[in-house]
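Each residue of the sequence shown is one higher than the one before, counting from 1 in my numbering.
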Amino acid sequence: MIFLLAFDTSLPLTNPVLKFLLILIIILFAPIILNKIKIPHLLGLIIAGAVIGPNGFNLMQRDSSIILSGTAGLLYIMFLAGLEIDLADFKKNSKKSIVFGLYTFIIPMVLGTLSGLYILNFSIYTSILLASMFASHTLIAYPLISKLGVAKNKAVNITVGGTMITDTLALLVLAVIVGMTTGEVNTEFWVKLSLSIIAFALVVMLLFPVIGRWFFKRYDDNVSQYIFVLVMVFLGAVLAEIAGIEAIIGAFLAGLALNRLIPHTSPLMNRIEFVGNAIFIPFFLIGVGMLIDYRAFFKDLETIKVASVMIVVATIAKFVAAWLTQKTYNFTLDQRRLIFGLSNAQAAATLAAVLVGYNIVLGESASGQPVRLLSESILNGTILMILFTCTIASFVAQKGAKNIALSEASENELDDQEGQEKILIPISNIDTTDELVNLGVTIKSKINKSGLYGLSIIDNNSTEGTADKNAKKILNQAAVTASATDNHLNQLLRYDLNIVNGITSVVKEHKITDLILGLHVKKGISDSFLGHLTEGILTKCNTTTLIYKPAQPFGTVKRHIIIVPKHAEKEIGFPFWIIKVWNIARNSGAKLVFYATEESLYIINEIQSKHPIEAEFHEFDEWDDFLILSRDFHKDDNLIIVMSRKDKASYHSNMNKIPLYLNKYFKETSYILIYPMQAGVTDDSHIDLKNPTFIEPLEKLDEIGKTLVRLFKRK
1 MIFLLAFDTS
11 LPLTNPVLKF
21 LLILIIILFA
31 PIILNKIKIP
41 HLLGLIIAGA
51 VIGPNGFNLM
61 QRDSSIILSG
71 TAGLLYIMFL
81 AGLEIDLADF
91 KKNSKKSIVF
101 GLYTFIIPMV
111 LGTLSGLYIL
121 NFSIYTSILL
131 ASMFASHTLI
141 AYPLISKLGV
151 AKNKAVNITV
161 GGTMITDTLA
171 LLVLAVIVGM
181 TTGEVNTEFW
191 VKLSLSIIAF
201 ALVVMLLFPV
211 IGRWFFKRYD
221 DNVSQYIFVL
231 VMVFLGAVLA
241 EIAGIEAIIG
251 AFLAGLALNR
261 LIPHTSPLMN
271 RIEFVGNAIF
281 IPFFLIGVGM
291 LIDYRAFFKD
301 LETIKVASVM
311 IVVATIAKFV
321 AAWLTQKTYN
331 FTLDQRRLIF
341 GLSNAQAAAT
351 LAAVLVGYNI
361 VLGESASGQP
371 VRLLSESILN
381 GTILMILFTC
391 TIASFVAQKG
401 AKNIALSEAS
411 ENELDDQEGQ
421 EKILIPISNI
431 DTTDELVNLG
441 VTIKSKINKS
451 GLYGLSIIDN
461 NSTEGTADKN
471 AKKILNQAAV
481 TASATDNHLN
491 QLLRYDLNIV
501 NGITSVVKEH
511 KITDLILGLH
521 VKKGISDSFL
531 GHLTEGILTK
541 CNTTTLIYKP
551 AQPFGTVKRH
561 IIIVPKHAEK
571 EIGFPFWIIK
581 VWNIARNSGA
591 KLVFYATEES
601 LYIINEIQSK
611 HPIEAEFHEF
621 DEWDDFLILS
631 RDFHKDDNLI
641 IVMSRKDKAS
651 YHSNMNKIPL
661 YLNKYFKETS
671 YILIYPMQAG
681 VTDDSHIDLK
691 NPTFIEPLEK
701 LDEIGKTLVR
711 LFKRK
């Protein structure tokens, strides 16, 4: 009893343990409770913040700790948006992002300025600053959309790109208006602002990737990598503020800069999303809720009038911008909902603008009261606008994202019934285990949740008592690596006479579709190894086989150079290895550079037009001059060579020299040798194109196209 009396439970809470416990309880139970009544959990956290905040039951003050955590959460949202964006789509849709960015900036600026001047009777400066608050928006619904798996939808991509444009322009308006009211806008102001923004953008976009690649190559510790990412996020935010713009722009650009270095399927990406969604982002949402004062509705008629106009104008302006974007680019109703849901929520930049405007005193009234650029009624109206717009945005975004996710899921379910992808990774060296598993996670289909298999083979004739223990240890390491990416790896431990028999038996028993074999990092590939492999596994198993030698972390690779032999498009396995290469580009963000014949490039270009990635195409059919390609090879490139079994359609005699070339000219670089499925490999192996597990020989090129269409749906 004495201990309870000594425990301070007065309100608002000051005990840090109690405060943190309360917030964790909210983060835990708000989504659980509100999901039952169909309310987005993001909105639930905002409401919970309002309830416990100083304007609610006053359980907790919005003190420096809440502000610090909330700021980190806001920057985290913007960073994730830049990190998860598909750069190939982003570049392809950059013009569309610019158009949407201008729509969602100009329309609110016009409607906001007119409503400020003629409805609310504000001054020109106040009206323009009010309009800039409508023009900016916060991607508060982005975590919800990302969780539903539609973050790579074209509409989301365009909206995220447009957000950077409209927020930057809105914050520039804020800087100019503040400068004009204080008499600081002149030629020097514009020159200084322009140069600082350009310098900031160049430093983040050019220097950050160099620093990131250097760090990830040298340090593979999980904690160090995550802390490094946080350092880069906040460094980008600080540099943005030094340049004279908001920190959220710096966080977004930091995400873009590190996009290629953090593969979407990597353990690091999983940790970034997990910590952000579990801690940082909920803190931000609760902090926003603490700003809400429901009593503002009852303070005076002026506050009600200003708040009503702000809510209506901001919502209409953002809806019109989303509607025009939909009509301009023939988007669906659900895509329009995504655009509107992402762009309607007002929070970060809006709050920054209103606080800056509120703190600028233009003079005094006759009664001695300060005349502010943005009055107290606008400040209270802004808080109410944040509540309403976040509510509307959450519901609309959730509806659009759910409909799109269900549509994609139904397509994937139909495709999944046609065949199941199974990837086998034989492992024997703990040094290469992580990289082999990461490659498997990178090339797999997005709907493949349990099709990864790790295999360790123990020689039946072995007398070593530790063999069994070591094999289980390596398998466990592989399972941990896979689980860090939210993927399950099936562990297979097998006793056999030799490795080849063990692998071929498992391939047949489990109907494996893809096989990944690893080479030791410090060793090359020998003629004897390739010959043994060809005589053993490749002649008995008609499955897509990848032989991988990692020389650097997969995420630090800038380009993948793909060498495609003549007649590769005539092989039955062509659609299946090409989809794996495409998954590498989509999941890692690295650039693909194809060297192939005109016939192969024609098909690959067709795929590129419908499923865009960043790629280059070069006509090449002279395998006698294979080493000419080494001139175009850079330090951070990965070489992918499509091989062939002897006497098959795409076989070339110079393929026998590949081990020599790799050992002599590419010893310090990563490479992957791909052996595709080929007709006639075994007497009893037939592959049905309607089922990825079994395939029959292709005779017509259009059958390849049909197979590719189906596989890309599953991707």
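Note that beta-carbon positions come from the ideal geometry of N, C-alpha and C, so glycine has one too.
Among the options, the one whose alpha carbon lies nearest that of residue i
i              : options                           : result
leucine 517    : Ala353, Ile77 and Thr504          : Thr504
leucine 34     : Ala48, Leu24, Ser146 and Thr315   : Ala48
asparagine 403 : Lys422, Gln335 and Glu376         : Gln335
leucine 75     : Asn58, Ala243, Ile281 and Leu42   : Ile281
asparagine 448 : His488, Asp647, Lys472 and Glu435 : His488
arginine 271   : Phe228, Leu538 and Asp632         : Phe228
leucine 374    : Ser343, Thr181 and Val581         : Thr181
leucine 662    : Phe633, Arg645, Ile23 and Val681  : Phe633
asparagine 460 : Leu497, Ala478 and Glu188         : Leu497
leucine 80     : Leu114, Glu606, Met269 and Phe208 : Met269
isoleucine 584 : Lys558, Gly70 and Phe234          : Lys558
Range covered by the alpha helix (DSSP H) that runs through residue i
i             : result
glutamine 678 : It is not in any alpha helix (DSSP H) - glutamine 678 carries neither H nor E in the DSSP assignment.
serine 127    : 124-135
glutamine 477 : 467-483
tyrosine 495  : That residue, tyrosine 495, is in no alpha helix (DSSP H); its beta strand (DSSP E) goes 489-496.
leucine 111   : 94-118
glutamine 225 : 222-243
alanine 201   : 187-202
leucine 139   : Unbroken run through leucine 139: none, as it is neither H nor E.
Beta-carbon proximity of residue i to residue j, cut-off 7 Å
i                 : j                 : result
histidine 560     : asparagine 638    : yes
isoleucine 77     : cysteine 390      : no
methionine 164    : phenylalanine 252 : yes
isoleucine 425    : isoleucine 457    : no
methionine 109    : alanine 131       : yes
arginine 213      : threonine 433     : no
leucine 258       : tyrosine 103      : no
glycine 162       : phenylalanine 100 : yes
threonine 138     : alanine 401       : no
isoleucine 311    : methionine 385    : yes
phenylalanine 284 : glycine 53        : no
isoleucine 658    : isoleucine 562    : no
tyrosine 595      : phenylalanine 620 : yes
leucine 475       : glutamine 491     : yes
alanine 155       : leucine 338       : yes
Burial state of residue i (16 or more Cβ within 10 Å)
i                 : result
tyrosine 118      : exposed
lysine 549        : buried
asparagine 719    : Nothing can be reported for residue 719, as the shown portion of the chain is limited to 1 through 715.
arginine 295      : exposed
methionine 232    : buried
phenylalanine 134 : buried
lysine 422        : buried
arginine 586      : buried
proline 16        : exposed
glycine 680       : exposed
histidine 264     : buried
serine 588        : buried
arginine 260      : buried
serine 450        : exposed
threonine 328     : exposed
aspartate 63      : exposed
lysine 19         : buried
alanine 254       : buried
lysine 566        : buried
leucine 301       : exposed
histidine 686     : Confidence is the limiting factor: at histidine 686 the pLDDT is only 39, short of 50, which leaves the residue's position unreliable, though a coordinate-based value still follows. That one is exposed.
Endpoints, beta strand (DSSP E) assigned at residue i
i            : result
valine 642   : 637-642
tyrosine 142 : First-last for tyrosine 142: 142-147, but that is the alpha helix (DSSP H), not the beta strand (DSSP E).
lysine 549   : 544-549
glycine 518  : 514-518
proline 370  : 370-372
Opposing strand residues paired with residue i [DSSP bridges]
i              : result
asparagine 55  : Beta-bridge pairing links asparagine 55 to no other residue.
asparagine 605 : The partner list for asparagine 605 (beta bridge, DSSP) is empty, contrary to what the question assumes.
tyrosine 595   : Ile563 and His618
proline 426    : Leu455
tyrosine 671   : Lys549 and Leu639
valine 306     : DSSP output for valine 306 lists no bridge partner at all.
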